[in-house]
Each structure stands twice: as structure tokens, then as C-alpha cells.
Amino acid sequence: MRFDVLLLAALPSVMAAKLAYSPPASLLSMASAEDSDCTLPAEYKIQNFHAQSNNTGSTLDAFDFKYIDAETQVTTLCHFNETSKSTTPDTLTPRYACEDGEVKFIWEDSEGQLTLIERICPSDGKAQYEVSGGLQIELVCGRGGSCATNSTSQVAKFSSLQPVRDPTLRV
Numbered sequence: 174m175r176f177d178v179l180l181l182a183a184l185p186s187v188m189a190a191k192l193a194y195s196p197p198a199s200l201l202s203m204a205s206a207e208d209s210d211c212t213l214p215a216e217y218k219i220q221n222f223h224a225q226s227n228n229t230g231s232t233l234d235a236f237d238f239k240y241i242d243a244e245t246q247v248t249t250l251c252h253f254n255e256t257s258k259s260t261t262p263d264t265l266t267p268r269y270a271c272e273d274g275e276v277k278f279i280w281e282d283s284e285g286q287l288t289l290i291e292r293i294c295p296s297d298g299k300a301q302y303e304v305s306g307g308l309q310i311e312l313v314c315g316r317g318g319s320c321a322t323n324s325t326s327q328v329a330k331f332s333s334l335q336p337v338r339d340p341t342l343r344v
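For what it's worth, this note's numbering labels the leading residue of the sequence shown as 174, then goes sequentially.
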């Protein structure tokens with residue numbers, strides 16, 4: 174029996190086991206190819222989330238954070254303020270681009286939920302898929318409206334893989 178063939182055949186299954194989403198077999202095969210630049214990330218990290226609120230913290234007027242995906246080697250800064258514009262058409266939930274336009278975020282004030290979306294697995298220079306996952310941001314706001322989390326670093330899992338739905342190109 175050729176164990177090298179068996180090992181290579183098992184790679185997609187092993188890779189998929191650590192993910193909270195289910196990639197199609199064709200994408201698993203692409204990601205496990207030796208010369209592939211397709212990485213299927215399992216998690217991401219948010220660092221130094223700081224915000225400004227003009228009220229008790231129930232709505233945020235501005236915030237900044239650092240996004241890190243160690244698996245795809247993407248690190249970027251993300252910002253939201255009064256000049257931020259959604260990169261999506263009105264039919265989609267507003268998404269805001271980070272400094273690296275392959276990463277976008279959605280902020281839901283009512284839930285205190287931050288959802289990150291990262292485009293992955295470029296084909297001919299354009300990503301075909303995006304992974305996303307959300308995390309609760311627990312904020313403590315002071316009298317001056319300055320808000321911060323009680324942790325400088327938070328880790329979240331990507332829980333969804335979809336074809337790219339946001340038609341905009343890199344910002």
C-alpha cells in the first residue's frame with residue numbers, strides 16, 4: 174500500500190475537520206494543492222478595539238481595531254467614523270472596508286456584534302470566496318464617551334464560507 178497516496182488523499186478531510194464551515198470538495202482540493210495560494214482559515218483575531226460613543230455606549234460613533242488572520246497572513250487596521258461609507262449596494266447589509274480591501278466588517282450596534290469578512294482563494298487575481306464570522310464586543314464606556322474592551326485581544330472563528338457576494342473590488 175502506498176502510504177504517501179493515502180496521506181495526500183486524507184489531507185482535505187483533515188483540513189476540513191478544524192473548520193466551523195463546510196467547504197466544497199473542489200475548494201478543499203484547491204487548498205490542499207502544493208502550489209496553491211488558497212488558504213482556508215479557521216479563525217481570526219481582533220486587537221485593540223477602541224471606540225467613541227456620544228451616549229451610554231449603546232451606539233458607537235467611531236471605532237478602530239486591528240484585524241489579524243495568521244493563517245492567510247493578513248493583518249490590517251479597520252476604522253469606522255462619520256465619513257465611513259459602505260462598499261456594498263443598498264440591497265446588502267452595509268459593509269465597511271478595512272485598509273486592506275480584502276477584509277470588510279459589519280457592526281451591529283443593537284447586538285454589540287462585529288462580523289468580519291475576508292476574501293480568500295484568489296483565482297486569476299480575484300477572490301471567489303469569502304469567509305465570515307462574528308464576535309460579541311463587550312465594551313466599557315467612560316463618562317467622556319471613550320469605550321474599550323476588557324481584553325486587548327479577542328479570537329473568533331470563521332463560521333461561514335460563501336461565494337463573494339459583495340460585488341465591489343478592493344478599496
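Beta carbons: idealized from backbone N, C-alpha and C, even for Gly.
Computed from a predicted structure; not experimentally measured.
What does the Cβ neighbour count give for Arg343, buried or exposed, with the cut at 16 atoms within 10 Å? Note on Arg343: pLDDT 47, under 50, position unreliable in the model; no value is reported.
Nearest to Arg292 by alpha carbon, out of Thr232, Leu233, Leu334? Leu334
Classify Thr245 as buried or exposed, calling it buried when 16 or more other Cβ atoms lie within 10 Å of its own Cβ. buried
The beta strand (DSSP E) that contains Ala215, what's its start and end? From DSSP, Ala215 is part of no beta strand (DSSP E); its letter is neither H nor E.
Which of helix, strand or coil does DSSP assign to Leu192? coil
So, with DSSP's three-state summary, where would you put Ala206? coil
9 Å Cβ cutoff met for Thr325 and Glu311: no
Using alpha carbons as the reference points, say which of Gly306, Ser257, Glu275 lies closest to Gly298. Glu275
Span separating the alpha-carbon of Leu136 from that of Thr266: This structure does not reach residue 136, given that the chain is present from 174 up to 344, and the question cannot be answered.
Bridge partners of Asp237, per DSSP? His223, His252
Counting C-beta neighbours from all protein chains within 10 Å, is the total for Val304 16 or more, i.e. buried, or is it exposed? buried
Roughly how many angstroms lie between the CA atoms of Cys289 and Gln327, to the nearest whole one? The amino acid at residue 289 is misidentified as Cys; the sequence shows Leu. Their backbone Cα atoms lie some 13 Å apart in a straight line.
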